[in-house]
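For reference, the structure discussed in these notes is given below.
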Amino acid sequence: MAGRTLTRTTRPVVKPTPAGLMEDAGSGLDYGTRPDRMPGFLTPVDRFFVRNHAPTPVIDPAAWTLRVDGAGVRRPITYTYDELWRRFPLLSVVRTLECAGNRRRLFGEEQGAPFAGVSWGRGAIGTAEWTGVCLRDLLEPAGITPDAREVMPESLDEARARRPLPLAKALAGDTLLALAMNGEPLPPDHGFPARVVVPGWLGAASIKWVGRIEVSDRPLRVPWTTEDYVIVTPDRPAPVPITETPVASLVELPWPARLPAGPRLVRGRAYAGESRVATVEYRLDDGPWRTADLEAQGGRGVWARWEFPWDPAPGDHVVRVRATDERGRRQPDRTPWNALGYCHNSVLAHPVTVTAR
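Heads up, the final residue of the sequence shown is numbered 357 in UniProt numbering, and it's a clean run with no missing numbers.
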């Protein structure tokens, strides 16, 4: 693609990924956040999960351009990096991103057989403040035609990652071309110089290292919506592309956890895709379900933080947590099987050993 300079690094991922902060998913490209290393509401950049389809490209912003074209616009238009910062009003939004394959390893354990694909634990999820330009503001100067149907950002990585969005989702007020993350320019692993942020949808829709945006007047078929990031089950005649991720919760403890006896607060996160988390409940061993406190209520497209007090006796325990969203969707005891191991959101039996002081 003209107008950009790309180099490759000596390792697939640029930022350090120490075991004290990140969980290696085994591919050499993908690293999850350790759930017990999630301070505050926002995920720090140094531990925000990395999902790559190819090594992180390092792009020269002085040579990079973004081209908007396709049959769904009246005229193609090209932007430079500096122009994006200067020409358009900037918007900052806090939004959560989650890989559709999050918890795939646990899904395999639940089903009694592993799934192919990245062997994620619980850490392929994170929340950041994203600053950039509304995608609709970038498309408008190109002249969107009445026949426009889909908008497809395309990556400059070796995989040319791309995934179409319905026009309505692309034009939503919080769908961004992000230039900054948590108040700093995007790091290379998170899409520098520019990435799309699609709130509430699977992370694969938030294409990184964008170099082109195609606006189409017809449905687009790409591997990311026909072969991967799809739900395939025996009762569905064709793969169904994943859009929104399901409601799920996360306990901020190692798996398994080992804790000293004594009173404590157990904390965690819950996320419901495009919906809002309404309630979070917890169950200790064989006790009743009780309501956890929502310490920080996020909103649609943003996780919520929850907590509950616990003063456990020494011994082995099981902690269960389930979230319910504003639409009444509640985490199930078991996730229905699908061939690629996506969208696992079962209530987890979290093992905890409490030691005497």
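Even glycine gets a Cβ: it sits at the ideal position worked out from N, Cα and C.
On a predicted model such as this, the values are computed, not experimentally measured, just so you know.
{"Item": "How far does the alpha helix (DSSP H) with F107 in it extend, from its first residue to its last?", "Value": "R104 to Q111"}
{"Item": "Please classify M1 as buried or exposed, where buried requires at least 16 other C-beta atoms within 10 Å of its C-beta.", "Value": "Because M1 sits at a pLDDT of 43, beneath the cut-off of 50, its placement in the model cannot be relied upon, and the following sentence gives the value as read from the coordinates. Exposed, since its Cβ has fewer than 16 Cβ neighbours within 10 Å."}
{"Item": "What are the start and end residues of each continuous beta strand (DSSP E) run of 3 or more residues lying completely inside the region 128-157, in chain order?", "Value": "150-155"}
{"Item": "Give the range of the beta strand (DSSP E) segment to which T33 is assigned.", "Value": "Y31 to T33"}
{"Item": "How about V73 and T145: are their beta carbons less than 8 Å apart?", "Value": "yes"}
{"Item": "Taking A270 as the reference, which of W306, L135, R103 and D46 has the closest Cα?", "Value": "W306"}
{"Item": "Under 8 Å, do L66 and G191 count as touching if we go by C-beta distance?", "Value": "no"}
{"Item": "Does any residue of chain D have a CB that is nearer than 8 Å to the CB of R269?", "Value": "Chain labels in this structure do not include chain D; a single protein chain is all it has."}
{"Item": "Pick out whichever of S206, P351, G28 and A19 has its Cα sitting closest to the Cα of P12.", "Value": "G28"}
{"Item": "Per DSSP, what kind of secondary structure is L91 in: helix, strand or coil?", "Value": "strand"}
{"Item": "Tell me the rounded alpha-carbon separation between E110 and Q331.", "Value": "15 Å"}
{"Item": "My guess is that W224 and R163 are in contact by the Cβ rule of under 8 Å, so how many angstroms apart are they, rounded?", "Value": "4 Å"}
{"Item": "Can you tell me whether F115 is buried or exposed, with buried defined as 16 or more other CB within 10 angstroms of its CB?", "Value": "buried"}
{"Item": "Please confirm if the region 150-157 is in contact with the region 124-132, defined as three or more CB-CB distances below 8 Å between the two stretches.", "Value": "no"}
{"Item": "According to DSSP, is W85 part of a helix, a strand, or is it coil?", "Value": "helix"}
{"Item": "What three-state label does DSSP hand R47 in the structure shown?", "Value": "helix"}
{"Item": "What separation, rounded to the nearest whole angstrom, lies between the Cα atoms of V58 and R160?", "Value": "14 Å"}
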